[in-house]
Amino acid sequence: MITLNINVDHVATLRNARGGFEPDPVTAAVNAELAGATGIVAHLREDRRHMKDRDIRILREVIQTKLDLEMAANEEIIAIALDIVPELVTIVPENRKELTTEGGLNLLANIDKYRKLSDRMHEKDIEVSFFIEPDEAMIEAALECDADMVEFHTGIYANAKHEGDMTQELARMIGACSSAFENGLKIAAGHGLNYSNVQAISMIPEIDELSIGHSVMARAIHVGISQAVREMHTLIMNASMQAKLGR
Ligand code: PXP
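As numbered in my numbering, residues 41 to 287 make up the sequence shown, in order.
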């Protein structure tokens, strides 16, 4: 069954706007879990613009589901990951000037570096996922990097302005999921997913996990985090079930 991992970075962004203690991303994570999230995602950036080291350490202690630590292949952050031992690390590209992660990693340029990173994580029983475009060459590269999982970037699908472009990207995603699955990889997807575009992605049977942040936190401002997570969870479950029943 497809699962929903909630990214709580935006709660930290709001907290940091005033440099104080509220809202606390840890409280948001607990509420998201209570509302049906099956994992919590937090991105510890090199510049600590949203999540702080303290947040990651407390999340590790408090959450009851699964912690997915999003991170760049940066030595300082790698050391923190090896120390706190999340269930999963998702390796993303990181550009200091970007508003959010802008696209998938180019693994091809650094197979050796990423394979060594996987090996270090595996020694601590941490699973490794690489955030990549839904592209055959990247799937092959992820396998060479000893990935357990890949997270396909859904941003191109989510941001498509025309239905034709969206359909084309969805077809690329379906093909990539099938290929990654045949190669034994677990599959996640995320970026830009919201209450109106998540259904088609949820119907792809090979996807194990979705990683969603912005749209859920934006809705949470109006309806509260529990309702926002529950609504998203229900949409995903219904679409996944419909696909399974062939309707
Ligand atoms: N997956 C990855 C790798 C990301 O970097 C992000 C953004 O933090 C997400 C998923 C979630 O994207 P969004 O906030 O658009 O739902």
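No residue lacks a Cβ here, since even glycine has one placed at the ideal position from N, Cα and C. Fair warning: this is a prediction, and the values are worked out from it, not measured in the lab.
Proximity test, residue i beta-carbon vs the ligand PXP heavy atom, cut-off 7 Å
i       : result
Gly-253 : yes
Glu-110 : yes
Val-269 : no
Phe-171 : yes
Val-48  : no
Leu-285 : no
Glu-209 : no
Gly-59  : no
Leu-233 : yes
His-90  : no
Gly-79  : no
Gly-230 : yes
His-83  : yes
Glu-191 : yes
Thr-130 : yes
Element boundaries [beta strand (DSSP E), containing residue i]
i       : result
His-193 : 189-193
Asp-108 : 107-111
Expected contact under 8 Å - CB spacing of residue i and residue j to nearest Å
i       : j       : result
Asp-95  : Pro-65  : 5 Å
Glu-176 : Ser-219 : 6 Å
Val-269 : Gly-79  : At roughly 12 Å, the Cβ-Cβ gap does not stay under 8 Å, so Val-269 and Gly-79 are not in contact.
His-193 : Phe-171 : 6 Å
Ala-279 : Ser-242 : 4 Å
Met-189 : Leu-225 : 6 Å
Ala-229 : Glu-271 : Not quite, the Cβ-Cβ distance comes to about 19 Å (not below 8 Å), so this is no contact.
Met-111 : Ile-117 : 5 Å
Ile-124 : Arg-97  : 6 Å
Residue i versus residue j - alpha carbon distance
i       : j       : result
Gly-60  : Lys-284 : 46 Å
Glu-167 : Leu-122 : 11 Å
Met-91  : Ala-119 : 16 Å
Lys-156 : Glu-184 : 11 Å
Thr-67  : Ala-82  : 13 Å
Val-51  : Arg-100 : 17 Å
Glu-134 : Glu-180 : 22 Å
Thr-53  : Asn-234 : 19 Å
Gly-143 : Gly-232 : 11 Å
Leu-148 : Cys-217 : 19 Å
Tyr-154 : Val-238 : 30 Å
Gln-282 : Gly-195 : 24 Å
Continuous alpha helix (DSSP H) stretch holding residue i: start and end
i       : result
Asp-205 : 203-222
Ile-241 : 238-242
Met-277 : 265-284
His-90  : Note, His-90: premise wrong, no alpha helix (DSSP H); not H, not E.
Asp-159 : 151-163
Ala-229 : No alpha helix (DSSP H) holds Ala-229; the beta strand (DSSP E) holding it covers 226-230.
Thr-67  : 65-74
Thr-53  : 49-58
Glu-180 : 176-184
CB contact below 8 Å: residue i versus chain C
i       : result
Thr-130 : This model lacks chain C altogether, as it is built from one protein chain only.
Quiz item: If you pair each beta-carbon of the stretch 95-111 with each one of the stretch 125-134, do three or more pairs fall below 8 Å?
Solution: Output reads yes: the stretch 125-134 touches the stretch 95-111.
Quiz item: Between the stretch 147-165 and the stretch 248-261, are three or more C-beta pairs nearer than 8 Å?
Solution: Under the three-pair Cβ rule at 8 Å, the stretch 147-165 does not count as touching the stretch 248-261.
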